[in-house]
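Below you'll find the structure, written out as structure tokens, and then a few comments.
Numbering (my numbering), first residue to last: 1264 to 1612.
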């Protein structure tokens, strides 16, 4: 798909860790052009390169570095506003932008479970975008990206859910430090340690998949009735969330069938060859020690999910391990893919 000209976009919370990831991934995007960067009052008026404490290993894009930072007010010269705002201010700010006619694609938690807001993973539920027509924002709208752990989990569950049915899921997450933002967790807390608590995380992992795997029907999203139990831990890894999963299926399935289902899985982003989409959303590894964050988090632009260690489970039916890049697929990259899906499906002209 070729566009006549790039769509102007802005990044809200551009100086934060998620905002920086948005900037880096959008720098040479074939469809989108960063025209605006917005942040707090203390950053407004400065050049972006002077306001931001750039923490990424990739260089700060020169053109974007010279943009003047503006306040997070809906007077930006752009069509799409990618939100990396802190949840403390995101809810109200995103509504203001939507009411002013902007397409808001948010990585923040505030509107994820709103009844008229899609919680979007484009390979899974792109049809949920239809519900934005019921939002009371006129030409504007809000679309949300799920929690970083949820995205990896639902991408692994979707092929099983469709082909065999799922009754119960138990998941234990080992979540990377970058998921806590910058400066994140104190080194004295996390070095030589595992922290078995992440505020609010378990509730998100248990509730968000129900909406994502639900059905859109007559202007409503009907949540699935799948049961999920989650335990979430912070570990001393920079990027890459690992998840140990157990599932009880509704239909009998051989291991070979499950692996084939994962390897054959593709969604609308792959069919439409969207710029940020992974060629294969799921990579399954036969090696018993895989996947590992350091080795596999960047597979397929950091947008794919790696799975391994499928085996029979003595309590449920099967258990396996998932890995996904939490700041790419689980945050900025996932949100950019949502916007690409909206363009491809005609929701953004």
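Where a beta carbon is used, it is the ideal one built from N, C-alpha and C, also for glycine.
All values derive from a computational prediction rather than experimental measurement.
For the alpha helix (DSSP H) containing residue 1420, list its first residue and its last residue.
-> Stepping through the chain shown from its first residue, residue 1420 is reached at position 157. That run of the alpha helix (DSSP H) goes 1411-1426.
Is the beta carbon of residue 1537 less than 8 Å from the beta carbon of residue 1605?
-> Taking the chain shown and counting its residues from 1, the one referred to as residue 1537 is at position 274. Taking the chain shown and counting its residues from 1, the one referred to as residue 1605 is at position 342. Result no, Cβ atoms of residue 1537 and residue 1605 do not sit closer than 8 Å.
Whole angstroms is fine: what's the gap from residue 1477's alpha carbon to residue 1409's?
-> As a working mapping, residue 1477 is identified with position 214 in the chain shown. As a working mapping, residue 1409 is identified with position 146 in the chain shown. Cα to Cα, the separation comes out at about 14 Å.
Under the three-state DSSP convention, the category residue 1487 falls into = Along the chain shown, read from residue 1 onward, the residue named residue 1487 stands at position 224. Three-state DSSP puts residue 1487 in coil, outside helix and strand.
With 16 other Cβ atoms within 10 Å as the buried cut-off, status of residue 1592 = Counting from 1 along the chain shown, the entry for residue 1592 is found at position 329. Label assigned to residue 1592: buried.
Would residue 1563 be called buried (16 or more neighbouring beta carbons within 10 Å of its own) or exposed?
-> Along the chain shown, read from residue 1 onward, the residue named residue 1563 stands at position 300. Under the 10 Å beta carbon count, residue 1563 is surrounded by 16 or more other beta carbons and is classified as buried.
Going by DSSP, name the residue or residues bridged to residue 1445.
-> Here residue 1445 refers to the residue found at position 182 when the chain shown is read from its first residue. For residue 1445, no pairing in a beta bridge is given by DSSP.
Cβ atoms of residue 1296 and residue 1333: under 8 Å apart, would you say?
-> Translated into the one-based positions of the chain shown, residue 1333 becomes position 70. Translated into the one-based positions of the chain shown, residue 1296 becomes position 33. Remark: C-beta atoms of residue 1333 and residue 1296 do not approach each other more closely than 8 Å.
I think residue 1475 touches residue 1388, with their Cβ atoms under 8 Å apart; what is that distance to the nearest whole Å?
-> Position 212 of the chain shown, counted from the start, is the residue given in the question as residue 1475. Position 125 of the chain shown, counted from the start, is the residue given in the question as residue 1388. The Cβ separation is near 6 Å, so the contact holds.
With 16 other Cβ atoms within 10 Å as the buried cut-off, status of residue 1401 | Reading the chain shown from its first residue, position 138 is the one you call residue 1401. With fewer than 16 Cβ atoms within 10 Å of its Cβ, residue 1401 is classed as exposed.
For residue 1313, which option in 1321, 1331, 1320 and 1322 has the closest C-alpha, if you only look at C-alpha atoms?
-> Along the chain shown, one-based indexing puts residue 1313 at 50. For residue 1313, the nearest C-alpha among the options comes from 1331.
Between 1445, 1513, 1525 and 1403, which lies nearest to residue 1386 when the distance is taken from Cα to Cα?
-> Within the chain shown, numbered from 1, the residue matching residue 1386 stands at position 123. Checked all of 1445, 1513, 1525 and 1403; the closest Cα to residue 1386 is 1525.
Where residue 1425 falls, given that 16 or more other Cβ within 10 Å makes a residue buried | As a first step, residue 1425 must be located in the chain shown, where it is residue number 162. Exposed, since its Cβ has fewer than 16 Cβ neighbours within 10 Å.
Which ranges would you report for the beta strand (DSSP E) in the stretch 1308-1379 if only whole runs of at least 3 residues count?
-> List check, beta strand (DSSP E) in window: 1332-1334, 1343-1346 and 1366-1369.
Output yes or no for whether 8 Å exceeds the beta carbon distance between residue 1568 and residue 1419.
-> To locate residue 1568, count along the chain shown from 1; it is residue 305. To locate residue 1419, count along the chain shown from 1; it is residue 156. In contact: residue 1568 and residue 1419 (Cβ atoms closer than 8 Å).
Residue 1493 - DSSP class collapsed to helix/strand/coil = Against the chain shown, residue 1493 aligns to sequence position 230. Residue 1493 carries a strand assignment under DSSP once its states are collapsed to helix, strand and coil.
So, is residue 1549 buried or exposed, given that buried needs 16 or more other C-beta atoms within 10 angstroms?
-> Residue numbering aside, residue 1549 sits at position 286 when the chain shown is read from its first letter. With fewer than 16 Cβ atoms within 10 Å of its Cβ, residue 1549 is classed as exposed.
Below 8 Å CB to CB, which residues in the same chain sit around residue 1303 once its five sequence neighbours on both sides are set aside?
-> For this step, residue 1303 is matched to residue 40 along the chain shown. Excluding residues within five positions, the ones whose Cβ falls inside 8 Å are 1278, 1334 and 1335.
Give the single residue among 1495, 1491, 1383 and 1466 whose Cα lies nearest to the Cα of residue 1531.
-> For the purposes of this step, residue 1531 is taken as residue 268 along the chain shown, with counting starting at 1. Of the residues 1495, 1491, 1383 and 1466, the one whose Cα lies closest to the Cα of residue 1531 is 1383.
Given a threshold of 16 other Cβ atoms within 10 Å of its Cβ, counted over all protein chains shown, does residue 1291 qualify as buried or as exposed?
-> Locating residue 1291 in the chain shown gives position 28, where the first residue counts as 1. Under this definition residue 1291 is an exposed residue.
Roughly how many whole angstroms lie between the Cα atoms of residue 1588 and residue 1545?
-> To locate residue 1588, count along the chain shown from 1; it is residue 325. To locate residue 1545, count along the chain shown from 1; it is residue 282. The alpha-carbon of residue 1588 is positioned some 12 Å away from that of residue 1545.
Using the rule of at least 16 other Cβ atoms within 10 Å of the residue's Cβ for burial, across every protein chain shown, is residue 1502 buried or exposed?
-> Within the chain shown, numbered from 1, the residue matching residue 1502 stands at position 239. A residue is called buried once 16 or more other Cβ atoms fall within 10 Å of its Cβ, and residue 1502 is buried on that count.
Give the C-beta separation of residue 1580 and residue 1511 to the nearest angstrom, bearing in mind that I take them to be a contact with Cβ-Cβ under 8 Å.
-> Translated into the one-based positions of the chain shown, residue 1580 becomes position 317. Translated into the one-based positions of the chain shown, residue 1511 becomes position 248. Between residue 1511 and residue 1580 the Cβ distance is about 5 Å, and since that is below 8 Å, they are a contact.
Starting from residue 1602 and walking both ways along the beta strand (DSSP E), at which residues does that stretch end?
-> Working through the chain shown from its first residue, we reach residue 1602 at position 339. From DSSP, residue 1602 is part of no beta strand (DSSP E) but of the alpha helix (DSSP H) over 1596-1607.
What is the rounded straight-line gap between the Cα of residue 1411 and the Cα of residue 1375?
-> Residue 1411 sits at position 148 when you count from the first residue of the chain shown. Residue 1375 sits at position 112 when you count from the first residue of the chain shown. Pairing residue 1411 with residue 1375, the inter-Cα distance amounts to about 13 Å.
Do residue 1523 and residue 1585 have their C-beta atoms closer together than 8 Å?
-> As a first step, residue 1523 is located in the chain shown; it is residue number 260 there, counting from the start. As a first step, residue 1585 is located in the chain shown; it is residue number 322 there, counting from the start. Cβ distance not < 8 Å, so residue 1523 and residue 1585 don't count as in contact.
Cα separation between residue 1516 and residue 1427?
-> Stepping through the chain shown from its first residue, residue 1516 is reached at position 253. Stepping through the chain shown from its first residue, residue 1427 is reached at position 164. Using only the alpha carbons, I get a separation of about 7 Å.
Do you know how far the Cα of residue 1514 is from the Cα of residue 1565?
-> As a position in the chain shown, residue 1565 is number 302, starting the count at 1. As a position in the chain shown, residue 1514 is number 251, starting the count at 1. A straight line joining the alpha-carbon of residue 1565 with that of residue 1514 spans about 32 Å.
Pair within 8 Å by beta-carbon distance, residue 1285 and residue 1595 | Here the question's residue 1285 lines up with position 22 in the chain shown. Here the question's residue 1595 lines up with position 332 in the chain shown. Residue 1285 places its beta carbon less than 8 Å from that of residue 1595.
For the alpha helix (DSSP H) containing residue 1295, list its first residue and its last residue.
-> Indexing the chain shown from 1 puts residue 1295 at position 32. No alpha helix (DSSP H) contains residue 1295, which is instead part of the beta strand (DSSP E) from 1295-1302.
When the Cα atoms are used, what is the spatial distance from residue 1320 to residue 1283?
-> Position 57 of the chain shown, counted from the first residue, corresponds to residue 1320. Position 20 of the chain shown, counted from the first residue, corresponds to residue 1283. Their Cα atoms are separated by approximately 11 Å.
Member of 1288, 1293 and 1271 whose CA lies at the smallest distance from the CA of residue 1264 = For this step, residue 1264 is matched to residue 1 along the chain shown. The closest CA to that of residue 1264, considering only 1288, 1293 and 1271, is found on 1293.
Could you spell out where the beta strand (DSSP E) holding residue 1271 opens and where it closes?
-> Within the chain shown, residue 1271 is the residue found at index 8, counting from 1. Element bounds for residue 1271: 1270-1275.
Relative to the alpha-carbon of residue 1446, which residue among 1300, 1414, 1601 and 1316 has its alpha-carbon at the smallest distance?
-> Numbered from its first residue, the chain shown carries residue 1446 at position 183. Check the Cα spacing between residue 1446 and each of 1300, 1414, 1601 and 1316: the tightest is with 1316.
Evaluate residue 1417 with the Cβ neighbour count: other Cβ atoms within 10 Å of its Cβ, from every protein chain shown; 16 or more gives buried, anything less gives exposed.
-> Counting from 1 along the chain shown, the entry for residue 1417 is found at position 154. Around the beta-carbon of residue 1417, 16 or more other beta-carbon atoms lie within 10 Å, marking it buried.
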